[in-house]
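A short worksheet on the structure shown next.
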Amino acid sequence: MPSNEKPRLIPTGTCWCGCEREVGLGKFFAPGHDKAAEAALIAVKYEGSVPHFLHAHGYGPHHSVSATAVKEGVWIECDECSTKPGYRGTKESVNNHKRKYHPPTTEK
Ligand SMILES: [Zn+2]
Ligand SMILES: [Zn+2]
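If you use full-length UniProt numbering, the sequence shown corresponds to residues 1 to 108, in order.
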């Protein structure tokens, strides 16, 4: 679990991207609107520049944000990739990656 404490947020029934659309129970966003909100925030705060966004938080090519995510336990890393480090992402994302790139074989 991530070590940094965050306030507990409660979904309000209205999309948090600010489009004022109603969303289902327990949801913060209409489908895909989480990405839109993320992009809008980066646009507002960092002129749409992801490198500046990363840099502002102390990350970049020499301080890997994806490695940090794995270390903090919020992401996992694929242990089947032949290249190291392996593919990193959420559990769902790595599972999709494994299905695509490491299909089960009968050779082992
Ligand atoms: Zn929205
Ligand atoms: Zn892999």
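Quick reminder that beta carbons are idealized off the backbone N, C-alpha and C, glycines included.
Under the three-state reduction of DSSP output, Ile76 falls in the strand class. Taking C-beta atoms under 8 angstroms as the contact rule, Thr14 and Glu20 qualify, at a distance of about 6 angstroms.
Listed as beta-bridge partners of Gly13 by DSSP are no residues whatsoever. When secondary structure is reduced to three states using DSSP, His102 falls in the coil class, being assigned neither helix nor strand. Per the coordinates, the alpha-carbon of Gly73 lies some 32 angstroms from the alpha-carbon of Glu22. Straight through space, the alpha carbons of Leu54 and Tyr87 are spaced by roughly 19 angstroms. Counting only residues of its own chain and dropping the five nearest sequence neighbours on each side, Ala56 has a CB closer than 7 angstroms to the CB of Tyr46. If you draw a straight line from the Cα of Ile10 to the Cα of Ala30, it is about 15 angstroms long. Counting along the chain, Val44 sits inside the alpha helix (DSSP H) bounded by residues 33 to 46. By DSSP's assignment, Gly60 forms a beta bridge with His63. A straight line joining the alpha-carbon of Ala39 with that of Ala67 spans about 22 angstroms.
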